[in-house]
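One structure is given below, encoded as structure tokens.
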Amino acid sequence: MKKGKKLSVGNREGTLLITILVIFVLMCLVKGRLFYARSNIEAIFSNLAYDLLLACGMTFVIILGGVDLSVGAVLALTGIICTLMVQQGVSTAAAVLAGIAFGTAVGMFNGILVAKANVAPFVATLGSQSICRGICYVLTSGYFVAGLSDEYIAIGRGTFLGIPNRICISVLIMFVLALLSRSFRPLKNMFYVGGNSNAAFISGIPSGLTTILGYGISGLMAGIAAVLMTSSLGMGHAGYGISFEMKAISAAVIGGANMHGGSGSFLGTALGVILVALVNNVFIMFNGSPNWSSAISGIMLLLAVGFDVVRSRAKAG
Amino acid sequence: MSYLKVDHITKSFGNNKVLTDISIDFEKGEIHSLIGENGAGKSTLMKIIGGIYQADSGQILIDGKPANMRDPVEAYGHGIGIVHQELSIAGNMTAAQNVFVNNEPVKKCGFIDWNRLYADAAAEFEKIGANIDPKAIAGTLSVGMQQMIEISKVLSKDVNVLILDEPTSALSDNEIENLFRILLELKERGKLIIFISHKLNEITRISDRVSVLRDGVCTGTLDREDMEVQTIIRMMVGRSIDALYPPKAKRRDNKKALTIEHISRKGKFSDVSFDIRYGEITGMFGLVGAGRTECAFSVFGADKMDEGQVYLDGKQVRFKNPAQAIREGLCYLSEDRKALGLFVDMTVKENTVAACLKSMCRYGEFLDENRIRENTENYIKELDIHPEDCRNYKVRNLSGGNQQKVLFAKWLAAKPKILIVDEPARGVDVGAKTMIHHILRQLADTGMAVWMISSELPEILGVSDRVIVMHEGHCRGILENVGLTEEDIMRTAFREEVRHE
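Those protein sequence lines, which keep their order, are chains C and V. Residues 1250 to 1566 (our numbering) are what the first sequence spells out, left to right. Residues 142 to 642 (our numbering) are what the second sequence spells out, left to right.
So, in structure tokens, the structure goes:
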């Protein structure tokens, strides 16, 4: 009995990993120091922490057969709540806890709308998105929230063994979720509910609670990302996180999650996030305009989906 | 010379050889049945004739000329139409729109000619004697009517060959009669009808010839006079099934597992009382719409109950959801295995433990992969699920009979005291069906209380110890299955109607 999945071109994680390695090696050969300089590697990874967290939360929601459009706005609002509290002299720990709790609460609210009130996920989370983004502007009138304590800023700017905290934290969370999703029962239930919610109900799996938990985790990830982002940038702003939900969805789908629910992989999602960041960097290395970044991730998303279509056709003979 | 000739067809999916050198001749003006266990290759062969799959080698000859069909449209061009097992009705559109989907009569400038659409549809329904309002919304019609629409859709394209894949599995007896009448009429008009079914009595009743498939090989074609049930079964499974049904309960101590008193659910069933006992199989017979499944749903907690009491082991219970019922040892195996039973895109392993995840945990809530694997292996062996190494296969890739066995494994793994099985052998082949019946008997012999819902009289008579007869939401009687006949049961079901005459 082999432990875990095989890494081969036949499955998504293997394909992504090989693609990433090939691009990496080619770039090292072609561009040399310019590419593997610490400053460039850090540039690749700079935004990756937030994307990774949001994409992990999104993976749960997609496994459930839903989608969470609110995460970008929840990130912005949570960031503003945290930074306002710190600005007003509330202790760092309390502010962080309050922020994370708020993000989770919004997520669970989405989950309740979807599971109990039977609102379509797209609509429920679109509503939350607009409300959260709106409150951001109400609270700040569009100004930056600055003047944060050194203690708070240290969360995001600090390093652990030379690696920025925010990357350590998000990679750690990703691995924990990836492990738990395979063996921790409440998380494993998501695959059943997303695969066939009626059969899950008949089988005694609490589909409502599972759905609420899934959206709750998505909100929680947005909350954690908000703390990391505002602390490393040193301020909160109503414009943070715009269209992050789309990046998260792309990464999850590139990583092999199925928008119809029932399947998704955290390792795949993480590799999807890395691949998008890497390809964007490659483009810039060859003096392409950064304005292309959105178009590039769109092309990669469609390539990934096309890859699936070709593969399932080949399987069907 | 034969009209449609299947000539040395071979087909594989990957390494899996589904059809091996199949040759069958079909004549015009005959009903030619195709029978075989699930996974024998019937549907694959029909899909090749219908242009959905391409054969690896061999050819299809129509009127002696090779016909090359790369998709269903080209098959229609050759006069071949299929009514699939799963109907493809657009439920929100009218019956007429469904008949002429993608084939609507149009006026000069390309707009749909609604008057002609409805008139033509009415004519099509008239042709097969179906009493359907062309303007009715298709989704509101019964399954039988929807199938008529589907047949009209195929016939409207002027086909010579009509293929029906298990057309009767969801129909009531009346609807089946009507379908057969239509098929016989079409035969008179010189059409070739290829009829795929699992029900031997239907096949022997209406077909002129029957071809038997076993493991992708055609084991022979029988003419009408040679069509004997035992012969067909032997050709299907390679052995004759002597005792089709298991023996009755050996020991009955009448210990009540479930006592149900005067339960009602508005618009579904009313004032139903009966009990289910340990160590025996209680059959619940009823035609479609009798309220059997609804009744089980309410007891199981999948639906509400308006009135009445349910006692489990003498203790009053009212389950709010299936999770509570499962915890108390009451399980329900659904008749609709795709919608309410299995997670078809998940593995056999994941499906097997779906209803007993809690008992597969250690350290609190962490699933124990080893225990899950052992459990799955046990059930694969015990229920003889094929292929043997299917633990990590997606359920979607198994044949119907094996899917049904996985569904059984899922519920047996939940260790029920009382097991409700709703149409436990629907859509599976004779071999698997017999096996399922024997499993039910074994379970009862080990002390389990089995409540078997079925609309097939032979199954009810062959398997149950007692029979509850349901009709139009009421319990019409509870009969001991000693010397009971199909007629007795039907008379009980229609008791009220008989009295009123």
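Where a beta carbon is used, it is the ideal one built from N, C-alpha and C, also for glycine. Because the structure is a prediction, the values reported are computed rather than measured.
In angstroms, rounded to a whole number, what distance separates the CA positions of Asn-1260 of chain C and Ala-1449 of chain C? 27 angstroms
Give me the subset of the stretch 1433-1463 of chain C whose CB atoms are less than 8 angstroms from a CB atom of chain V, sorted by chain position. Phe-1433, Arg-1434, Pro-1435, Lys-1437, Asn-1438, Phe-1440, Tyr-1441, Gly-1444, Asn-1445, Asn-1447, Ala-1448, Ala-1449, Phe-1450, Ile-1451, Ser-1452, Gly-1453, Ile-1454, Pro-1455
Could you list which residues in chain C have their beta carbon closer than 7 angstroms to that of Ala-496 of chain V, in chain order? Ser-1452, Gly-1453
Where Pro-308 of chain V falls, given that 16 or more other Cβ within 10 Å makes a residue buried: buried
Kindly say whether Ser-1514 of chain C, judged by its beta-carbon, lies nearer than 8 angstroms to any beta-carbon of chain V. no
Is there a C-beta anywhere in chain V that falls below 8 angstroms from the one on Gly-1391 of chain C? no
Kindly confirm or deny that the stretch 1309-1329 of chain C and the stretch 1488-1506 of chain C touch, where touching means at least three C-beta pairs closer than 8 angstroms. yes
Short check: CB of Val-1323 of chain C to CB of Gly-1468 of chain C, under 8 angstroms? yes
Would you report the Cα separation of Pro-275 of chain V and Val-569 of chain V, rounded to the nearest angstrom? 34 angstroms
Spell out whether any CB of chain C is found under 8 angstroms from the CB atom of Ile-467 of chain V. yes
Give me the Cα-Cα distance between Thr-281 of chain V and Gly-424 of chain V, rounded to the nearest whole angstrom. 30 angstroms
So is Leu-160 of chain V in contact with chain C if we call contact Cβ pairs under 8 angstroms? no
Along the chain, which unbroken stretches of the beta strand (DSSP E) at least 3 residues long are found entirely within the stretch 179-222 of chain V? 198-203, 206-208
Closest to Ala-263 of chain V by CA distance: which of V:Pro-565, V:Phe-241, V:Ala-231 is it? V:Phe-241
Evaluate contact between the stretch 1385-1404 of chain C and the stretch 465-477 of chain V, counting only Cβ atoms and requiring at least three cross-stretch pairs below 8 angstroms. no
For Gly-1511 of chain C, which residues in chain V fall below 8 angstroms Cβ to Cβ? Phe-484, Asp-486, Met-487
Could you name the residues of chain C that Cys-502 of chain V contacts, counting a contact when the two beta carbons are closer than 8 angstroms? Arg-1434
Along chain C, which residues have their Cβ under 7 angstroms away from the Cβ of Leu-508 of chain V? Ser-1432, Arg-1434, Lys-1437
Going by other Cβ atoms of all chains shown within 10 Å of its Cβ, with 16 needed for buried, is Met-446 of chain V buried or exposed? buried
From the DSSP output, which residues share a beta bridge with Leu-354 of chain V? V:Gly-177, V:Cys-359
Check whether the stretch 1349-1368 of chain C and the stretch 1288-1303 of chain C touch, using three or more Cβ-Cβ pairs below 8 angstroms as the test. no
By how many angstroms is the C-alpha of Ile-163 of chain V removed from the C-alpha of Phe-635 of chain V? 47 angstroms
Cβ-based burial, Pro-528 of chain V [other Cβ within 10 Å; buried from 16]: exposed
Given that a residue counts as buried once 16 or more other Cβ atoms are within 10 Å of its Cβ, and exposed if not, what is Cys-436 of chain V? buried
Identify the continuous alpha helix (DSSP H) that holds Tyr-259 of chain V and give its terminal residues. 255-268
Any 3 or more C-beta pairs closer than 8 angstroms across the stretch 1428-1440 of chain C and the stretch 506-516 of chain V: yes
According to DSSP, what are the bridge partners of Cys-1381 of chain C? Cys-1381 of chain C is not bridged to any residue.
Pro-463 of chain V touches chain C at which residues, Cβ-Cβ below 8 angstroms? Phe-1450, Ile-1451, Ser-1452, Gly-1453
Should Asn-1530 of chain C and Ile-1545 of chain C be called a contact, given that it needs their Cβ atoms to be closer than 8 angstroms? no
Run through chain C and tell me which residues come within less than 8 angstroms of Tyr-473 of chain V, C-beta to C-beta. Ile-1451
How long is the line joining the alpha carbons of Ala-277 of chain V and Ala-590 of chain V, rounded to whole angstroms? 44 angstroms
Identify which residue in V:Ile-347, V:Asp-454, V:Gly-588, V:Asp-367 has its Cα closest to the Cα of Arg-392 of chain V. V:Gly-588
I'd like the ranges of any beta strand (DSSP E) spanning at least 3 consecutive residues and lying wholly in the stretch 1459-1542 of chain C. none
Straight-line CA distance for Asn-462 of chain V to Arg-468 of chain V? 10 angstroms
Hey, does Ala-196 of chain V have any beta-carbon neighbour from chain C nearer than 8 angstroms? no
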